[in-house]
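Peer 1: Supplied in structure tokens, the structure appears directly below.
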Amino acid sequence: MMNAISLALTSPMLSGGGGAGGDPGRYMFFATRNRMPSGSIVTAASGTNYVCTKIVVNTPQYKTRTFRFHLSGFASTEGGNAPQETVVTGTIGTPGNSVVADAMFIRAAGVFYQCTFAGLNTVTVADQTNGAWTDELTIPDVDPESEIEIWLFYHTAVGEKIWPVYRIQKHRGERVWGAGDLATLLVFKDTPLTDSTTALDTNYATVTQPQYYGPDFMVAKGDWDGRAIVLGLVDSIGEARQQFSAAADARGNLGWFRRWLDKDGGIGRIPHLMIGMPGNGSVRELTGTGAAIATRRWAVLDEITAFNNNKKPFTVIANQMGQNDTAATYTQFFNTNYRSLITRLRARYPGVKIVALPPLGRTVSTRTVTLTSVGTVVTATIASGINGLTTGQTVSISGAAQTEYNGNVVITVTGPNSFTYNFAGSATSPATGTITANDLYLRASYQGFSANNTWPADGTDASGKWRLRADILAKTSACCDDAIDTYAAWVSAERDGVWPGMLELSSTMVTVQSGTDGVAAYTTIEVADAGIFGPEQEISTYAGARLSTTSIGSISGNTITISIPRSTVLPVGSIVRPSVTPDGVHPYGAVIDRVVGGIPQSEKLKFNP
Numbered sequence: 067m068m069n070a071i072s073l074a075l076t077s078p079m080l081s082g083g084g085g086a087g088g089d090p091g092r093y094m095f096f097a098t099r100n101r102m103p104s105g106s107i108v109t110a111a112s113g114t115n116y117v118c119t120k121i122v123v124n125t126p127q128y129k130t131r132t133f134r135f136h137l138s139g140f141a142s143t144e145g146g147n148a149p150q151e152t153v154v155t156g157t158i159g160t161p162g163n164s165v166v167a168d169a170m171f172i173r174a175a176g177v178f179y180q181c182t183f184a185g186l187n188t189v190t191v192a193d194q195t196n197g198a199w200t201d202e203l204t205i206p207d208v209d210p211e212s213e214i215e216i217w218l219f220y221h222t223a224v225g226e227k228i229w230p231v232y233r234i235q236k237h238r239g240e241r242v243w244g245a246g247d248l249a250t251l252l253v254f255k256d257t258p259l260t261d262s263t264t265a266l267d268t269n270y271a272t273v274t275q276p277q278y279y280g281p282d283f284m285v286a287k288g289d290w291d292g293r294a295i296v297l298g299l300v301d302s303i304g305e306a307r308q309q310f311s312a313a314a315d316a317r318g319n320l321g322w323f324r325r326w327l328d329k330d331g332g333i334g335r336i337p338h339l340m341i342g343m344p345g346n347g348s349v350r351e352l353t354g355t356g357a358a359i360a361t362r363r364w365a366v367l368d369e370i371t372a373f374n375n376n377k378k379p380f381t382v383i384a385n386q387m388g389q390n391d392t393a394a395t396y397t398q399f400f401n402t403n404y405r406s407l408i409t410r411l412r413a414r415y416p417g418v419k420i421v422a423l424p425p426l427g428r429t430v431s432t433r434t435v436t437l438t439s440v441g442t443v444v445t446a447t448i449a450s451g452i453n454g455l456t457t458g459q460t461v462s463i464s465g466a467a468q469t470e471y472n473g474n475v476v477i478t479v480t481g482p483n484s485f486t487y488n489f490a491g492s493a494t495s496p497a498t499g500t501i502t503a504n505d506l507y508l509r510a511s512y513q514g515f516s517a518n519n520t521w522p523a524d525g526t527d528a529s530g531k532w533r534l535r536a537d538i539l540a541k542t543s544a545c546c547d548d549a550i551d552t553y554a555a556w557v558s559a560e561r562d563g564v565w566p567g568m569l570e571l572s573s574t575m576v577t578v579q580s581g582t583d584g585v586a587a588y589t590t591i592e593v594a595d596a597g598i599f600g601p602e603q604e605i606s607t608y609a610g611a612r613l614s615t616t617s618i619g620s621i622s623g624n625t626i627t628i629s630i631p632r633s634t635v636l637p638v639g640s641i642v643r644p645s646v647t648p649d650g651v652h653p654y655g656a657v658i659d660r661v662v663g664g665i666p667q668s669e670k671l672k673f674n675p
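For the sequence shown, this note's numbering assigns the number 67 to the initial residue and increments by one for each residue that follows.
In structure tokens form, the structure reads like this:
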């Protein structure tokens, strides 16, 4: 165990003195909030084809003063073929429209500073190009842990496309404004907290919230103190697929990885840049050409190195990927998929340390059932046993072709693999279709394992992901130089290899009845302690049976505003529980917080040389 003296010797930034152990002439990744372009492109509409995005990033725990920002001419796909950089404004292989950056400013300590592009105030970013860098911009020293606003004014012709990057975090002062001309937008510099333009500000805090153009790569010179700077290889787990905008913390972080890196604990905040996106797979990253290209982002990294006196803007690679690398056999999973990227990274960046983080859970909360009925009583049979369902709880039945069988039902357990519930009756028995019973992750004991995710790692192909964890921790075949285990931070305290059930998470109670007659809608819920939740968290309410499931839009004190109006009466004393995960893969905010708090901050020492 390290004491304060040995920690300081290991990490120069703890020994005091601005710039100790660092390099003031080296551009390094510095900004929170950074994101690679990916997602759905936005079509410019009449009257809002001129756009201004204001993004707020936070600086490291040392002074910064000289900056460069990058605007990409491409975006990456998300999902099955991510991170291929083929979301383009035209046809793949045939460049489409360009985006004109009319002006760009940063605002620090209330002062605007204009960015230039090869000496000009404007630049045209062509589709399917690497994009453009701002010139070096030196301003008065920006204090440690400050906010910097990035104002980008851009336009296309009406009907043309714009690459997606950022969902606007309104609660942090971010904005998106649209107009039919540049002059109208420039006025907002005088009123920087004016509400966003309504037509552009839609579906806040959801995956369908529009994403707007902005700088992806951001680097700065300053009093870098020698602390680790992370290049993060991430998929949807690291890029926070279940958090979008309203859930961002005060420094703009979404998801467990960014929050953990930027937490002021252990050796301090670790500056970083996340180069991946949802759906990213190791076997596709840093490969390909043409319609399968996934190398443009890496070419932009080379551009930084070129204007950085041949020095990289990072000191260590953190590899969070692995979730999307599963394959029919473990040999393909580990060697062909996961390790192929490691081989490419070691060839490209010889001598750079690679620290791996094993993947999080992948389970299911459903069981296949058969349904028979007599009169108004349904008997459900689960072939593999109930394993955790109890009399009086609610389960969701779906998939029956006879829809009268489906719905949220209160069950009575009648045997080791059967339960009953009441319904209106049916002319058909047994029910047909692929039918499942879902407890929405109420109990860890009811969860099942997805393919290639059986616990524990036992040398079989069925336990592929947990064999990957074992190989990462053992550094098998040089798959990493060090590892930070995530398992204890997210796993259930009641059962190995699965997520915690809702019953293991903190809950609260309704203090003022919501709803009156089951018809009139309401949008707020008063609870005893809303502090256990955050925006974008799904919640379920119970008064014995489950009454409703909804999502949090915002929180003020102990008042929860829900995203979709409800009418179900919530009596005083109803229990409000946070959901665990929507799909067994991506954690909701309550579990994200659990992970952030569960990985020791001392593990950051592994990022040091």
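Beta carbons: idealized from backbone N, C-alpha and C, even for Gly.
Since we're looking at a predicted model, the values are computed, not measured.
Three or more C-beta pairs under 8 Å: does that hold for the stretch 108-119 against the stretch 221-235?
Peer 2: yes
Peer 1: If you measure between the beta carbons of residue 212 and residue 125, is that distance less than 7 Å?
Peer 2: yes
Peer 1: Quick one: residues in its chain with C-beta nearer than 7 Å to the C-beta of residue 315, no 5 flanking neighbours on either side, listed in chain order?
Peer 2: 325
Peer 1: Can you tell me whether residue 73 is helix, strand or coil according to DSSP?
Peer 2: Residue placement at residue 73 is flagged as unreliable, the pLDDT there being 41, under the threshold of 50; the coordinate-derived value follows with that caveat. Helix.
Peer 1: Looking at the secondary structure, which residues open and close the beta strand (DSSP E) in which residue 612 lies?
Peer 2: It spans 611-622 - the beta strand (DSSP E) in which residue 612 sits, taken as one unbroken run.
Peer 1: List the endpoints of the continuous beta strand (DSSP E) containing residue 406.
Peer 2: Unbroken run through residue 406 is the alpha helix (DSSP H), 405-414; no beta strand (DSSP E).
Peer 1: State the beta-bridge partners of residue 644 as determined by DSSP.
Peer 2: 605
Peer 1: Which one of 144, 605 and 165 has the shortest CA to CA distance from residue 118?
Peer 2: 165
Peer 1: Tell me the residue span of the alpha helix (DSSP H) that contains residue 657.
Peer 2: 655-664
Peer 1: Would you call residue 562 buried or exposed, if buried means 16 or more other Cβ atoms sit within 10 Å of its Cβ?
Peer 2: exposed
Peer 1: Once DSSP output is grouped into helix, strand and coil, what is the label at residue 536?
Peer 2: If DSSP states are grouped into helix, strand and coil, residue 536 belongs with the helices.
Peer 1: Per DSSP, which residues does residue 174 bridge with? Please list them.
Peer 2: DSSP output for residue 174 lists 177 and 214 as bridge partner(s).
Peer 1: Taking the alpha-carbon positions, what's the residue 390 to residue 303 distance?
Peer 2: 10 Å
Peer 1: DSSP three-state call for residue 86: helix, strand or coil?
Peer 2: Caution is warranted here: a pLDDT of 47 is assigned to residue 86, below 50, making its placement in the model unreliable, and the coordinate value is therefore given only provisionally. Correct three-state label for residue 86: coil.
Peer 1: Output the boundary residues of the alpha helix (DSSP H) element that contains residue 370.
Peer 2: 362-372
Peer 1: Which residues does DSSP pair with residue 575 in a beta bridge?
Peer 2: 641.
Peer 1: Alpha carbon to alpha carbon, what distance is there between residue 206 and residue 175?
Peer 2: 10 Å
Peer 1: Given this structure, state the Cα-to-Cα distance separating residue 192 from residue 139, to the nearest angstrom.
Peer 2: 6 Å
Peer 1: Let me know the beta strand (DSSP E) ranges lying completely inside the stretch 301-386, each 3 residues or longer, listed in chain order.
Peer 2: Correct list: 338-340 and 382-385.
Peer 1: Specify the secondary structure class of residue 674 as computed by DSSP and reduced to three states.
Peer 2: Of the three classes helix, strand and coil, the one that applies to residue 674 here is coil, per DSSP.
Peer 1: Give me, in chain order, the residues of the same chain whose beta-carbon lies closer than 7 Å to that of residue 273; leave out the 5 immediate sequence neighbours on both sides.
Peer 2: Closer than 7 Å at the Cβ level, and outside the excluded window around residue 273, lie 310.
Peer 1: By the three-class DSSP mapping on this structure, what secondary structure does residue 129 have?
Peer 2: coil
Peer 1: Note down the Cα distance separating residue 514 from residue 540, rounded to an integer number of angstroms.
Peer 2: 27 Å
Peer 1: My assumption, with CB atoms under 8 Å, is that residue 496 sits in contact with residue 442. Please give the rounded CB distance.
Peer 2: At roughly 16 Å, the Cβ-Cβ gap does not stay under 8 Å, so residue 496 and residue 442 are not in contact.
Peer 1: Check this for me: beta carbons of residue 136 and residue 267, under 7 Å apart or not?
Peer 2: no
Peer 1: Could you tell me whether the Cβ atoms of residue 183 and residue 177 are closer together than 7 Å?
Peer 2: Note that the C-beta distance between residue 183 and residue 177 is not below 7 Å.
Peer 1: For residue 518, count neighbouring Cβ atoms within 10 angstroms of its own Cβ and tell me buried if that reaches 16, exposed if not.
Peer 2: buried
Peer 1: Would you say residue 375 reaches chain D, if we count a Cβ-Cβ gap shorter than 7 Å as a contact?
Peer 2: The structure shown contains no chain D, having only a single protein chain.
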